[in-house]
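The listed protein sequences derive, respectively, from chains A and X.
Start counting the first sequence at 19; every next residue gets the next number (our numbering).
Start counting the second sequence at 304; every next residue gets the next number (our numbering).
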Amino acid sequence: MVFSSITFLYVFLAVVLFLYYIFPYRRKNIILMASGFLFYAWGEPLYVFLMLFSTLLDYTAGRVMDHWKENPRIRKAALLTSVIINLSLLAVFKYSSFLVDNINALFGLNLFNPDLPLPIGISFYTFQSMSYTIDLYRGDTKMQRNYINYAAYVCMFPQLVAGPIVRYDDVAAELEHRTISLEKIGQGAFLFSIGLAKKVLIANNIGPLWTGIKEAVTAGQSVPAVTAWLGILAFTFQIYFDFSGYSDMAKGMGSMLGFTFPDNFHHPYTAKSITDFWRRWHMTLSSWFKSYVYIPLGGNRHGTLKTIRNLLITWMLTGFWHGASWNFLMWGLYFGLLLILEKFVLGKYLEKLPAALRHTYAFLLVVFGWVFFEMETPALIGRFFRAMAGSGGFANTYSVYLLSTFAILLIICILASGGWITRLFQKAEARFPTALSICKPVWIVAVIIASTAFLVNSTYNPFLYLRF
Amino acid sequence: MKEKFKLTPARISGALFLLLVFLGPILIFGVPKPSFSEDENKKLASFPKFSAETILDKSFMNDFETYSADHFPWRSGWIGMQTRMLLAMGQKEINGVYILPDRLVQKIDEPDPKILQNSIEAMNTFAQRFGGSTYLMLVPTAAEIYRSELPTGAPTLMEKDVIDQVYSSVSQISTVDVYSALTANRDSNIYYRSDHHWTSRGAHIGYSALSNQLGFTAVPLDLFNVEHASHSFRGSLYSKVIYDGVEADTIDICSYPEGPSVTGVSIFDGREWTEHDGLYFREYLDKKDKYSVFLGQNEPIVTIKTDAPTENRLIIFKDSYSHSLAPFLALHYSEITLVDLRYLKSSFENEIDLSRYDQALFCYNINNFITEDYIKLVNLSPKS
Numbered sequence: 019m020v021f022s023s024i025t026f027l028y029v030f031l032a033v034v035l036f037l038y039y040i041f042p043y044r045r046k047n048i049i050l051m052a053s054g055f056l057f058y059a060w061g062e063p064l065y066v067f068l069m070l071f072s073t074l075l076d077y078t079a080g081r082v083m084d085h086w087k088e089n090p091r092i093r094k095a096a097l098l099t100s101v102i103i104n105l106s107l108l109a110v111f112k113y114s115s116f117l118v119d120n121i122n123a124l125f126g127l128n129l130f131n132p133d134l135p136l137p138i139g140i141s142f143y144t145f146q147s148m149s150y151t152i153d154l155y156r157g158d159t160k161m162q163r164n165y166i167n168y169a170a171y172v173c174m175f176p177q178l179v180a181g182p183i184v185r186y187d188d189v190a191a192e193l194e195h196r197t198i199s200l201e202k203i204g205q206g207a208f209l210f211s212i213g214l215a216k217k218v219l220i221a222n223n224i225g226p227l228w229t230g231i232k233e234a235v236t237a238g239q240s241v242p243a244v245t246a247w248l249g250i251l252a253f254t255f256q257i258y259f260d261f262s263g264y265s266d267m268a269k270g271m272g273s274m275l276g277f278t279f280p281d282n283f284h285h286p287y288t289a290k291s292i293t294d295f296w297r298r299w300h301m302t303l304s305s306w307f308k309s310y311v312y313i314p315l316g317g318n319r320h321g322t323l324k325t326i327r328n329l330l331i332t333w334m335l336t337g338f339w340h341g342a343s344w345n346f347l348m349w350g351l352y353f354g355l356l357l358i359l360e361k362f363v364l365g366k367y368l369e370k371l372p373a374a375l376r377h378t379y380a381f382l383l384v385v386f387g388w389v390f391f392e393m394e395t396p397a398l399i400g401r402f403f404r405a406m407a408g409s410g411g412f413a414n415t416y417s418v419y420l421l422s423t424f425a426i427l428l429i430i431c432i433l434a435s436g437g438w439i440t441r442l443f444q445k446a447e448a449r450f451p452t453a454l455s456i457c458k459p460v461w462i463v464a465v466i467i468a469s470t471a472f473l474v475n476s477t478y479n480p481f482l483y484l485r486f
Numbered sequence: 304m305k306e307k308f309k310l311t312p313a314r315i316s317g318a319l320f321l322l323l324v325f326l327g328p329i330l331i332f333g334v335p336k337p338s339f340s341e342d343e344n345k346k347l348a349s350f351p352k353f354s355a356e357t358i359l360d361k362s363f364m365n366d367f368e369t370y371s372a373d374h375f376p377w378r379s380g381w382i383g384m385q386t387r388m389l390l391a392m393g394q395k396e397i398n399g400v401y402i403l404p405d406r407l408v409q410k411i412d413e414p415d416p417k418i419l420q421n422s423i424e425a426m427n428t429f430a431q432r433f434g435g436s437t438y439l440m441l442v443p444t445a446a447e448i449y450r451s452e453l454p455t456g457a458p459t460l461m462e463k464d465v466i467d468q469v470y471s472s473v474s475q476i477s478t479v480d481v482y483s484a485l486t487a488n489r490d491s492n493i494y495y496r497s498d499h500h501w502t503s504r505g506a507h508i509g510y511s512a513l514s515n516q517l518g519f520t521a522v523p524l525d526l527f528n529v530e531h532a533s534h535s536f537r538g539s540l541y542s543k544v545i546y547d548g549v550e551a552d553t554i555d556i557c558s559y560p561e562g563p564s565v566t567g568v569s570i571f572d573g574r575e576w577t578e579h580d581g582l583y584f585r586e587y588l589d590k591k592d593k594y595s596v597f598l599g600q601n602e603p604i605v606t607i608k609t610d611a612p613t614e615n616r617l618i619i620f621k622d623s624y625s626h627s628l629a630p631f632l633a634l635h636y637s638e639i640t641l642v643d644l645r646y647l648k649s650s651f652e653n654e655i656d657l658s659r660y661d662q663a664l665f666c667y668n669i670n671n672f673i674t675e676d677y678i679k680l681v682n683l684s685p686k687s
């Protein structure tokens with residue numbers, strides 16, 4: 019069930035919020051856990067047991083670590099069990115068919131490929147769940163005695179299938195004590211409506227522009243440069259508005275439930291370098307890899323060579339996290355290399371450039387990155403870059419049609435992702451605080467009405483994170 | 304002491320949000336709705352069956368989502384609003400329909416070459432085994448005739464090329480050019496503005512184009528009595544976008560009292576034959592689907608008998624374009640049988656004797672001709 023659907027908004031969310039609000043505080047986590055399992059089972063009626071198993075495992079590992087506080091060997095064994103089993107789940111359900119395919123191709127073997135369908139959101143919830151056992155082992159957080167509270171954390175529906183990756187420690191206190199108020203519900207509703215607008219009004223409408231062009235290129239048709247650029251720009255905006263829209267909705271619903279989730283996107287397309295971009299894009303994922311991979315590997319404390327090694331490992335894994343396929347690995351490697359380059363070579367020169375050039379530099383490199391992300395084979399990646407360079411001519415009448423059809427939407431995308439709309443809003447809020455605060459409820463109602471119109475008869479409403 | 308409750312904008316936001324969301328289940332499940340949407344011309348989903356099986360294969364979930372969207376209150380109003388917003392965003396084609404200032408035009412996609420090949424072979428095979436003469440008329444759609452009015456560069460099939468390609472690949476079949484006449488008459492209201500069919504005027508052009516080859520003398524349009532049967536027709540393209548920014552259409556029924564009259568219409572619905580009184584189903588004039596006034600809805604086989612002073616019999620393999628064409632043709636044949644191969648599972652020859660017919664006509668609009676692979680069913684062998 020995607021957030022942007024009639025069923026979620028007007029049936030699931032309505033019923034869950036209603037029950038959640040009428041039950042007393044000590045029962046609310048049961049509602050959270052049950053609704054989380056139901057939400058997950060709606061998309062994965064079988065794999066929901068996998069999630070149940072994963073939560074039971076990490077909860078038990080936590081209990082064991084806490085019970086044998088004084089015994090480092092048992093503590094370590096519990097941690098390793100949790101991490102190894104979680105990673106094995108990922109390996110089996112997400113990466114096995116990729117590995118088998120490649121081993122078969124490499125050695126000319128014919129090993130059996132189980133070809134298991136990927137459980138939705140497995141990369142999100144296993145990472146969340148692991149953050150608990152690792153933090154507990156390091157002494158960075160406290161043990162959760164109550165399974166319901168723990169399961170409520172892992173299965174909480176707002177962030178279950180598309181992030182943000184909430185670490186246990188982020189919400190540990192709120193799991194036990196939180197306040198729910200109409201004030202917070204209103205703030206959450208505002209955030210939710212921003213996310214809904216990003217997903218339904220922008221991402222879903224710019225997306226078809228890319229889908230059509232991607233299909234044409236994949237089918238081997240030659241595409242002129244203007245069309246290719248329009249297409250990859252459309253994807254650039256689609257993934258940002260879709261993904262950050264999901265995070266906004268999650269954060270908004272978190273607030274309605276009394277939780278504070280971490281920020282996940284901070285105007286990433288206004289970044290001045292690739293380093294800056296990754297501080298603004300899917301922030302909870304990059305900080306997860308930083309805390310649990312890069313720093314444990316030694317980070318940048320052991321000289322240039324080790325730092326480069328650590329960066330490469332971290333970024334290849336980050337890329338691979340996005341899907342079991344070579345192009346995601348390449349995408350991660352691409353950013354790893356760019357980050358190394360910026361850290362050791364480009365950084366000092368970049369700082370001297372005018373801001374406009376730095377923005378352009380970062381934005382273009384990110385756009386090129388999306389080609390790796392979206393085109394599955396090196397041959398297609400090469401073909402697409404050649405099309406962008408003009409191998410299929412400059413433009414044709416269809417490019418003109420696409421441009422005239424999508425111009426308004428593209429301008430809205432540029433203004434919104436460039437942060438101009440936010441800045442305008444903040445300025446207006448500083449000058450006319452009363453008027454702007456009255457606008458908020460009006461905006462919420464307007465977005466919900468407009469989005470409902472798009473959802474009642476939605477023909478294009480993709481869930482982009484199926485491979486994550 | 305308790306602080307006095309103040310109605311802040313954030314609290315208003317929260318209350319409004321909850322109100323809107325909480326209304327959902329009540330309006331979806333609490334308010335009874337018809338099972339058919341007239342506006343969209345579509346059957347609304349019924350509540351899914353709940354069982355272990357439907358849960359495991361996720362059909363329950365999928366059907367439940369369709370159900371809640373289908374039963375959302377004021378459904379067609381929301382769709383109309385979506386169309387208006389998409390237009391405001393600069394979109395020119397919505398749900399496969401180009402929205403022009405004065406008409407809706409269906410976008411036609413590229414044909415599947417395999418389907419074209421199958422259909423061509425099927426017609427050639429038929430022409431060989433049929434004792435009489437065989438004709439083919441492919442009718443372009445409004446997208447081809449009004450191509451110059453579409454937005455610059457808007458993709459839609461080059462229908463003329465497909466027609467030429469098919470016409471040059473058939474053998475022992477006389478092909479009928481209706482494209483030129485329709486193009487020449489593009490300004491005289493030959494297609495409905497909100498429906499994918501041709502108007503009675505358009506059908507009359509098709510009838511005139513057929514007359515030369517089929518060998519009868521067409522009665523000119525100005526000799527017909529034209530009855531404006533309805534002025535409020537909003538057709539299939541309207542249903543796709545629920546857009547009332549273009550004028551409603553008029554349905555014209557043309558009659559020629561000096562000519563022969565229809566003596567009987569027999570309809571085979573796939574199981575049994577029934578009789579109908581005349582070519583028109585006027586009850587549809589009060590419904591949404593007003594085009595069905597012409598011969599009703601698509602039925603597998605319809606046979607029209609007339610008192611025309613001739614022995615000539617015609618069989619037409621057709622789609623719904625022929626429904627408004629048939630009243631004109633009925634002036635020149637003692638019997639016309641219309642066969643809709645899309646709705647037949649077994650050979651049409653189980654029901655009718657092909658050797659009784661002198662002429663056979665394949666008459667399709669381009670879109671129906673290229674999108675479904677059913678014309679090959681014309682050569683199914685009859686049950687002995």
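Beta carbons: idealized from backbone N, C-alpha and C, even for Gly.
Quantities reported herein were computed from a predicted structural model and do not represent experimental measurements.
What's the C-alpha gap between residue 374(A) and residue 291(A)?
-> Within the first sequence, numbered from 1, the residue matching residue 374(A) stands at position 356. Within the first sequence, numbered from 1, the residue matching residue 291(A) stands at position 273. Their backbone Cα atoms lie some 11 Å apart in a straight line.
Say whether chain A places a C-beta atom closer than 9 Å to the C-beta of residue 404(X).
-> Numbered from its first residue, the second sequence carries residue 404(X) at position 101. No, residue 404(X) does not count as interfacial toward chain A.
Hey, out of 463(A), 321(A), 122(A), 65(A), whose CA is closest to residue 136(A)'s CA?
-> For the purposes of this step, residue 136(A) is taken as residue 118 along the first sequence, with counting starting at 1. Selected option, being the one with the closest Cα: 65(A).
Distance, Cα to Cα, residue 415(X) vs residue 562(X)?
-> Against the second sequence, residue 415(X) aligns to sequence position 112. Against the second sequence, residue 562(X) aligns to sequence position 259. Distance between the alpha carbons of residue 415(X) and residue 562(X) is about 43 Å.
Quick one: is residue 19(A) near chain X, going by C-beta distance under 9 Å?
-> The residue you call residue 19(A) lines up with position 1 of the first sequence. Contacts with chain X at 9 Å (Cβ-Cβ) include residue 19(A).
Is residue 394(X) close to chain A, meaning its C-beta is less than 9 Å from at least one C-beta of that chain?
-> Locating residue 394(X) in the second sequence gives position 91, counting from the first residue. Chain A, which has a Cβ nearer than 9 Å to the Cβ of residue 394(X), makes this yes.
Nearest to residue 164(A) by alpha carbon, out of 438(A), 125(A), 78(A), 247(A)?
-> Looking up residue 164(A) in the first sequence gives position 146. Taking the Cα of residue 164(A) as reference, the smallest distance to any Cα among 438(A), 125(A), 78(A), 247(A) is reached at 78(A).
Would you tell me roughly how many angstroms separate the C-alpha atoms of residue 272(A) and residue 406(A), rounded to the nearest one?
-> Translated into the one-based positions of the first sequence, residue 272(A) becomes position 254. Translated into the one-based positions of the first sequence, residue 406(A) becomes position 388. Taking the straight line from one Cα to the other gives about 41 Å.
Quick one: is the Cβ of residue 160(A) within less than 8 Å of any heavy atom of the ligand MN?
-> Annotation note on the ligand MN: not contained in the displayed structure, which lists no ligands.
Would you call the CB atoms of residue 270(A) and residue 46(A) closer than 9 Å?
-> Sequence index remark: in the first sequence, residue 270(A) carries index 252 (1-based). Sequence index remark: in the first sequence, residue 46(A) carries index 28 (1-based). Going by C-beta atoms, residue 270(A) is not nearer than 9 Å to residue 46(A).
If we cut at 9 Å on Cβ distances, does residue 461(X) have a partner in chain A?
-> Reading the second sequence from its first residue, position 158 is the one you call residue 461(X). By this cut-off, residue 461(X) is not an interface position.
Would you say residue 368(X) reaches chain A, if we count a Cβ-Cβ gap shorter than 9 Å as a contact?
-> Working through the second sequence from its first residue, we reach residue 368(X) at position 65. True, the Cβ-Cβ gap to chain A drops below 9 Å.
Mind checking if residue 215(A) is an interface residue toward chain X, Cβ cutoff 9 Å exclusive?
-> Numbered from its first residue, the first sequence carries residue 215(A) at position 197. With its beta carbon at least 9 Å from every one in chain X, residue 215(A) lies outside the interface.
Comparing the C-beta of residue 318(X) with each C-beta of chain A, is any distance below 9 Å?
-> Counting from 1 along the second sequence, the entry for residue 318(X) is found at position 15. Cβ-Cβ to chain A under 9 Å: yes for residue 318(X).
If you compare alpha carbons, which of 306(A), 385(A), 400(A), 383(A) is closest to residue 236(A)?
-> On the first sequence, position 218 is the one that residue 236(A) refers to. Nearest C-alpha to residue 236(A): 400(A).
Do residue 256(A) and residue 316(X) have their CB atoms nearer than 9 Å?
-> Against the first sequence, residue 256(A) aligns to sequence position 238. Against the second sequence, residue 316(X) aligns to sequence position 13. The answer is no: Cβ separation not under 9 Å.
For residue 362(A) and residue 141(A), believed in contact at Cβ under 8 Å, the rounded distance | Within the first sequence, the letter at position 123 stands for residue 141(A). Within the first sequence, the letter at position 344 stands for residue 362(A). Incorrect: roughly 30 Å between the Cβ atoms, too far for contact.
Start-to-end residues for the beta strand (DSSP E) that takes in residue 440(X) = Along the second sequence, one-based indexing puts residue 440(X) at 137. Looking at the DSSP string, the run of the beta strand (DSSP E) that includes residue 440(X) is 436-442.
Could you list the residues in the region 223-237 of chain A with a C-beta less than 7 Å from some C-beta on chain X, going in chain order?
-> 223
Neighbour-count burial assignment, residue 126(A), 16 or more Cβ in a 10 Å radius | Walking along the first sequence from the start, residue 126(A) turns up at place 108. Classification of residue 126(A): exposed, given that the 10 Å Cβ count is below 16.
Note down the Cα distance separating residue 530(X) from residue 507(X), rounded to an integer number of angstroms.
-> The residue labelled residue 530(X) in the question sits at position 227 within the second sequence. The residue labelled residue 507(X) in the question sits at position 204 within the second sequence. In a straight line, the C-alpha of residue 530(X) is about 15 Å away from that of residue 507(X).
Closest Cα partner of residue 376(A) within the set 469(A), 360(A), 481(A), 309(A) | As a working mapping, residue 376(A) is identified with position 358 in the first sequence. For the residues 469(A), 360(A), 481(A), 309(A), the minimum Cα distance to residue 376(A) belongs to 360(A).
For residue 383(A), which option in 44(A), 293(A), 179(A), 155(A) has the closest C-alpha, if you only look at C-alpha atoms?
-> Residue 383(A) sits at position 365 when you count from the first residue of the first sequence. Residue 293(A) is the option with its Cα nearest to residue 383(A).
What residues in its chain sit with their C-beta under 6 Å from that of residue 583(X), if we drop five residues either side in the sequence?
-> Your numbering for residue 583(X) matches position 280 in the second sequence. Excluding sequence neighbours, residue 583(X) sits near 596.
Buried or exposed: residue 543(X), going by 16 or more other Cβ atoms within 10 Å of its Cβ?
-> Position 240 of the second sequence, counted from the first residue, corresponds to residue 543(X). Buried: at least 16 other Cβ atoms inside 10 Å.
Would you verify that the beta carbon of residue 540(X) is, or is not, closer than 9 Å to some beta carbon of chain A?
-> For the purposes of this step, residue 540(X) is taken as residue 237 along the second sequence, with counting starting at 1. Not an interface residue.
Helix, strand or coil at residue 675(X) according to DSSP, with G and I counted as helix | Taking the first residue of the second sequence as 1, we reach residue 675(X) at position 372. Correct three-state label for residue 675(X): coil.
Mind listing the chain X neighbours of residue 468(A)? Cutoff is C-beta to C-beta under 7 Å, in chain order.
-> As a working mapping, residue 468(A) is identified with position 450 in the first sequence. Within 7 Å Cβ-Cβ: 388.
What do you reckon, are the CB atoms on residue 307(A) and residue 347(A) nearer than 9 Å?
-> If you number the first sequence from 1, residue 307(A) lands on position 289. If you number the first sequence from 1, residue 347(A) lands on position 329. Cβ atoms of residue 307(A) and residue 347(A): not closer than 9 Å.
Going by C-alpha distance, which of 60(A), 420(A), 21(A) is nearest residue 247(A)?
-> Locating residue 247(A) in the first sequence gives position 229, where the first residue counts as 1. The shortest Cα separation from residue 247(A) among 60(A), 420(A), 21(A) belongs to 420(A).
From residue 304(X) to residue 101(A), what does the alpha carbon distance come to, in whole angstroms?
-> Translated into positions along the second sequence, residue 304(X) becomes position 1. Translated into positions along the first sequence, residue 101(A) becomes position 83. In this prediction, residue 304(X) scores a pLDDT of 47, lower than 50, which makes its location untrustworthy; no coordinate-derived value is stated.
Over what stretch of residues does the beta strand (DSSP E) that includes residue 600(X) continue unbroken?
-> Taking the first residue of the second sequence as 1, we reach residue 600(X) at position 297. Counting along the chain, residue 600(X) falls outside any beta strand (DSSP E), and DSSP gives it neither H nor E.
Okay, do the region 315-335 of chain X and the region 408-424 of chain X touch, 3+ Cβ pairs below 8 Å being the bar?
-> no
Please go through the same chain and pick out, in chain order, the residues whose beta-carbon is closer than 7 Å to the beta-carbon of residue 171(A), but skip the five residues on each side of it.
-> Position 153 of the first sequence holds residue 171(A). The answer, listed in chain order, is 186, 189, 193.
Under 9 Å between C-beta atoms of residue 149(A) and residue 264(A) = For the purposes of this step, residue 149(A) is taken as the residue at position 131 of the first sequence. For the purposes of this step, residue 264(A) is taken as the residue at position 246 of the first sequence. Residue 149(A) is not a Cβ neighbour of residue 264(A), given a cutoff of 9 Å.
Length at least 4, wholly inside the region 347-386 of chain A: the alpha helix (DSSP H) runs in chain order = 365-370
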